[in-house]
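Colleague: So in my numbering, spot 138 of the sequence shown is number 690, and the numbers just go up one at a time.
Just so it is clear, CB atoms sit at the ideal spot from N, CA and C, and this is done for glycine as well.
Starting off with a structure, shown below.
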Amino acid sequence: MNPSPLQDSPLPRQQVDPHQCLQEEHQQMLAQHRTLGWYKAEELRLVALPEMFHPTPGSSSLFCLETILKASRGITAGQRLSILDLGCGTGVVGLGLHAHAHRLHLSDISRRAVWCARLNGWLNGIFPICYRSDIFSAVPKGLFDLIVFNMPLMQAPIRDRLEQTMNDPGGQIFSRFIQGLSQFLAPEGEVFFAYSSLGDMALLDNIPQQYHLEQVAKEVFSELATERYVFRLTYHQ
Numbered sequence: 553m554n555p556s557p558l559q560d561s562p563l564p565r566q567q568v569d570p571h572q573c574l575q576e577e578h579q580q581m582l583a584q585h586r587t588l589g590w591y592k593a594e595e596l597r598l599v600a601l602p603e604m605f606h607p608t609p610g611s612s613s614l615f616c617l618e619t620i621l622k623a624s625r626g627i628t629a630g631q632r633l634s635i636l637d638l639g640c641g642t643g644v645v646g647l648g649l650h651a652h653a654h655r656l657h658l659s660d661i662s663r664r665a666v667w668c669a670r671l672n673g674w675l676n677g678i679f680p681i682c683y684r685s686d687i688f689s690a691v692p693k694g695l696f697d698l699i700v701f702n703m704p705l706m707q708a709p710i711r712d713r714l715e716q717t718m719n720d721p722g723g724q725i726f727s728r729f730i731q732g733l734s735q736f737l738a739p740e741g742e743v744f745f746a747y748s749s750l751g752d753m754a755l756l757d758n759i760p761q762q763y764h765l766e767q768v769a770k771e772v773f774s775e776l777a778t779e780r781y782v783f784r785l786t787y788h789q
C-alpha cells in the first residue's frame, strides 16, 4: 500500500501574527499591572500598587535603569549627581540611582505613583524629594546633571487609566518633554529616555539641533516585530 500523501508531506509551519502576539502581550501586561506586586531590583525591595506600571523582570523600567548605570558618563566617573526621574512610577529607576546622587527628585503626574515612590524610598531607607508634576510643570527651578524618563512607549489611544503609563497618542508627551529640557539640563548634563518602534520614530528627527542624540541600548523582540531603545541626549559641545 502506498503511504498517504498527508504522511509524506511536512506539516506547514504555523504562521505567527506579530500584531496578534503584541495584543495578547499587552492584555497580559494590563492584567498583571492591575494587581499588587512585590519586586526586587538593584538591591531594592519595591511594591507596585494596582493600576501602576510594574517593574517586572524584562520591563522597560529595568532596561532603562541597567543601561543608565552602565552608560552614564557621570556615574561611571564616580561623580555625585543631581538627578531628576520624570514619570517615576514606583520610583525604581530613580531609587536605583540613589547611590550616585547628592540630590534626587522623583516626579509623576499620578498622585498614586508619587505616594508609591515615596513609600518605596522609605522601605529602602532612601528619602528623595517626591512630588506631583506633569512632566516639567512643577519641577523646582534648577539644573540637573542627569534627567531620566522611562516614558510611555506606544503610540496608541488611551482607553483607561492604566494605559496612561504605556501610551503616548500623537507623541504629545515626548514632544513636551523635549521642549522643556533646556530649562533643567545642566551644561554638562545627560538625558536618558526610553523609546520604542511602537512609537513615532519620526519624532526623533524633531529634536532641536542643540542636542546630540545617541542610541546607547537596543533590544529586539522578533516575535512581536518590535524594538525598544534607550537614547542619550547631551548638548552639542
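Is DSSP giving residue 721 helix, strand or coil here?
Modeller: helix
Colleague: Do you know how far the Cα of residue 602 is from the Cα of residue 696?
Modeller: 31 Å
Colleague: What separation, rounded to the nearest whole angstrom, lies between the Cα atoms of residue 616 and residue 659?
Modeller: Whole-angstrom Cα-Cα distance: 16 Å.
Colleague: Could you check how far apart the C-beta atoms of residue 632 and residue 653 are, in whole angstroms? I think they sit under 8 Å.
Modeller: Contact between residue 632 and residue 653 holds, with the beta-carbon distance rounding to 7 Å and staying under 8 Å.
Colleague: On the three-pair Cβ rule with 8 Å, is the region 628-644 touching the region 688-708?
Modeller: yes
Colleague: Going by DSSP in three states, residue 561 sits in which element: helix, strand or coil?
Modeller: Below a pLDDT of 50, predicted positions are generally treated as unreliable, and residue 561, at 42, falls in that range; the measurement from the model is reported next regardless. Residue state, collapsed to three classes: coil.
Colleague: Counting Cβ pairs, one atom from each stretch, are 3 or more of them under 8 Å apart for the region 765-773 and the region 729-739?
Modeller: no
Colleague: Please report the straight-line C-alpha distance between residue 745 and residue 680, rounded to a whole angstrom.
Modeller: Taking the straight line joining both Cα atoms gives about 20 Å.
Colleague: Let me know if residue 702 comes out buried or exposed under the rule of 16 or more other beta-carbons within 10 Å of its beta-carbon.
Modeller: buried
Colleague: Touch check for the region 709-718 and the region 642-649: three-plus C-beta pairs under 8 Å?
Modeller: no
Colleague: What number of angstroms, rounded off, separates the C-alpha of residue 788 from the C-alpha of residue 760?
Modeller: 11 Å
Colleague: Identify every run of the beta strand (DSSP E) within the region 662-708, keeping only runs that are complete inside it and at least 3 residues long; order them along the chain.
Modeller: 681-684, 696-701
Colleague: For residue 766, count neighbouring Cβ atoms within 10 angstroms of its own Cβ and tell me buried if that reaches 16, exposed if not.
Modeller: exposed
Colleague: Leaving aside the five residues before and after residue 640 along the sequence, list all residues of the same chain whose C-beta is less than 7 Å from its C-beta, in chain order.
Modeller: Within the same chain, residue 640 has close Cβ partners 646, 658, 659, 660, 665, 669.
Colleague: Is residue 651 buried or exposed, if buried means 16 or more other CB atoms sit within 10 Å of its CB?
Modeller: Exposed, by the Cβ-count rule.
Colleague: Would you call the region 589-600 in contact with the region 684-693, where contact means no fewer than 3 C-beta pairs closer than 8 Å?
Modeller: No, the region 589-600 does not touch the region 684-693.
Colleague: Can you tell me which of the three DSSP states residue 653 falls into?
Modeller: Three-state result, residue 653: strand.
Colleague: Quick check on residue 642: does DSSP put it in helix, strand or coil?
Modeller: coil
Colleague: Can you give me the C-alpha to C-alpha distance between residue 649 and residue 592, rounded to a whole angstrom?
Modeller: 14 Å
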